[in-house]
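Student: Right, I'll just put the structure down here and ask away after.
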Amino acid sequence: MRPSYHEIQIAAYDRWERRGHSHGGDANDWFDAETELTFFGHYRPIAEHSLDAGRVVLGDGPHRRCRFCERTPRQVDFGDPRPIVPGRRWPATAEICGECRGDWLDPLDQEFRRFWERLANDPHTPLSIAAFKAMAAGALAVMPAGLLSDFVDAIEWVSNPDHDLDDQLIVGAECLVYRAGFLHQDPAVTLYRRVDDDDPVPYLIYFLRADGMMIQVPLPMCLRDEDLDGRSVVHLARSPIWGTGFEYSAAHAVRLPLGVSVRRAPSRRIASAIAS
Ligand SMILES: [Zn+2]
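Okay, so the sequence shown: first residue is 0 according to numbering that gives the first Met the number 0, each after it adds one.
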C-alpha cells in the first residue's frame, strides 16, 4: 500500500522534469509524489465523466428505476434527464424520478450552487450539509448500480430533507478543496473505490473538478465502512499533478469541516496531517 522509496524517487524526478528542471522545489516534488502514489495505492477509479463531453445520459435503459425511491416509470413520472452536477447540463441521469427531484433534490442543488459560487471567492466557505448531500447524490447517481445496496443508509440520508436530524450521522465528515489555474481544464466527476476492503480508508470518494477547483468528499454511511470495526478512518489527500511550471507549484488543498469555518492555514501542513 505504501509506495517504496524507489517509486517515490522516480515520480519526484518526473515532477522535477515537468517543472522545467527548476530548482528549489525538491521537497515539494517528493511530498507530492509520495502523496499521489499513496492515494493510488489505496484507490482506483470506478467511474469518470467529463463535464465537457456534450450529451451523455446515464441509466437510460429499458428497465430503469429511480436510484433513490426505487420506483419505475410506470409508477411515477421521470421527466427529462437530470444533471449530475448542479449547474452543468451534462452528464445527466435518467434514474432520478420527478418526485424525488421536487421533494428534496432541487433544494439541495440550489444550496450546492450557492456554496460553489461562494467557494470560488472564498476558499474557506463552510460546507453545508445540504451542499454535502448534493455531492453525495451525484456520487450515488454515477456509481455502478451493483454498489447501491452498500449505500441504503446513505440514500435514506441524502433524501431526508430535514438536515437538522443528520448532524450526528456524519460526525467527522469533511471535504478537501484543491485550487489551481490548471483545474479549469478537463472538468469532470470521478468516483474512486478503495482497493483493499480491510483498509481503514473511506470506501468511496467523489471528486468534482471544475472552475479552477477540485473538491474531494468521502461518501458517508457505507455499509462496507462499518466492517472497519471502529478503527479510525484515514482520509487520504490527492496531489494535483497536471500543472506545469508556476501552475504546478500553485496547486494546494484546504480542508473544510462540515458547516464550520476554518482558519487559513498552509496547505502542505493540512495535506500531510491527513495523509499520515
Ligand atoms: Zn424517486
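Don't be surprised by glycine CBs; every beta carbon is placed ideally from N, CA and C.
Can you give the beta carbon distance from Arg-43 to Val-194, rounded, assuming they're within the 8 Å contact cut?
Tutor: Between Val-194 and Arg-43 the Cβ distance is about 6 Å, and since that is below 8 Å, they are a contact.
Student: Would Glu-94 and Arg-73 qualify as a contact pair, given that the criterion is a beta-carbon distance under 7 Å?
Tutor: Against a cut-off of 7 Å, the Cβ pair of Arg-73 and Glu-94 comes out as no contact.
Student: Need the endpoints of the beta strand (DSSP E) that Tyr-205 sits in, please.
Tutor: 203-209 is the extent of the beta strand (DSSP E) around Tyr-205.
Student: Check Cys-174 in the structure and name its three-state DSSP category.
Tutor: Strand, per DSSP.
Student: Have a look at Gly-101, Leu-126, Pro-256, Asp-102 and flag the residue whose alpha-carbon is nearest the alpha-carbon of Arg-113.
Tutor: Here the closest residue by C-alpha is Leu-126.
Student: Within this structure, are the beta carbons of Ala-10 and Leu-36 separated by less than 7 Å?
Tutor: Cβ distance < 7 Å, so Ala-10 and Leu-36 count as in contact.
Student: Please work out which residues of its chain come closer than 7 Å, Cβ to Cβ, to Ala-32, disregarding the five sequence neighbours upstream and downstream, and give them in chain order.
Tutor: If we look at Ala-32 and ignore the five residues flanking it on each side, its Cβ neighbours are Ile-7, Ala-10, Ala-11, Arg-14.
Student: Rounded to the nearest angstrom, what separates Arg-208 and Val-56 at their Cα positions?
Tutor: Spanning the two alpha carbons is a distance of roughly 19 Å.
Student: Thinking C-beta only, is Asp-51 closer than 7 Å to Pro-199?
Tutor: Cβ atoms of Pro-199 and Asp-51: not closer than 7 Å.
Student: Mind checking who Pro-106 pairs with in its DSSP beta bridge?
Tutor: The partner list for Pro-106 (beta bridge, DSSP) is empty, contrary to what the question assumes.
Student: Would you check whether ligand 1 has a heavy atom nearer than 6 Å to the C-beta of Phe-77?
Tutor: No; taking the cut-off as 6 Å, the Cβ of Phe-77 has no heavy atom of ligand 1 nearer than that.
Student: Would Val-253 and Pro-122 be called neighbours here (beta carbons separated by less than 7 Å)?
Tutor: Contact flag set, yes.
Student: In the DSSP assignment, the alpha helix (DSSP H) including Val-188 goes from what residue to what residue?
Tutor: Per DSSP, Val-188 belongs to no alpha helix (DSSP H); it is in the beta strand (DSSP E), 187-193.
Student: Taking DSSP as the reference, what is the three-state secondary structure of Ser-275?
Tutor: Annotation note: pLDDT 33 at Ser-275 (below 50); position unreliable, no value reported.
Student: Of the choices Asn-27, Asp-163, Val-151, whose alpha-carbon is the least far from that of Pro-219?
Tutor: Out of Asn-27, Asp-163, Val-151, Val-151 has the C-alpha closest to the C-alpha of Pro-219.
Student: Under a Cβ-count criterion, where at least 16 other Cβ atoms within 10 Å of its own Cβ denotes burial, should Glu-155 be classed as buried or exposed?
Tutor: That one is exposed.
Student: Does the Cβ of Phe-67 lie closer than 6 Å to at least one heavy atom of ligand 1?
Tutor: True, at least one ligand heavy atom lies under 6 Å from that Cβ.
Student: Can you give the beta carbon distance from Ala-136 to Leu-107, rounded, assuming they're within the 8 Å contact cut?
Tutor: Correct: roughly 6 Å between the Cβ atoms.
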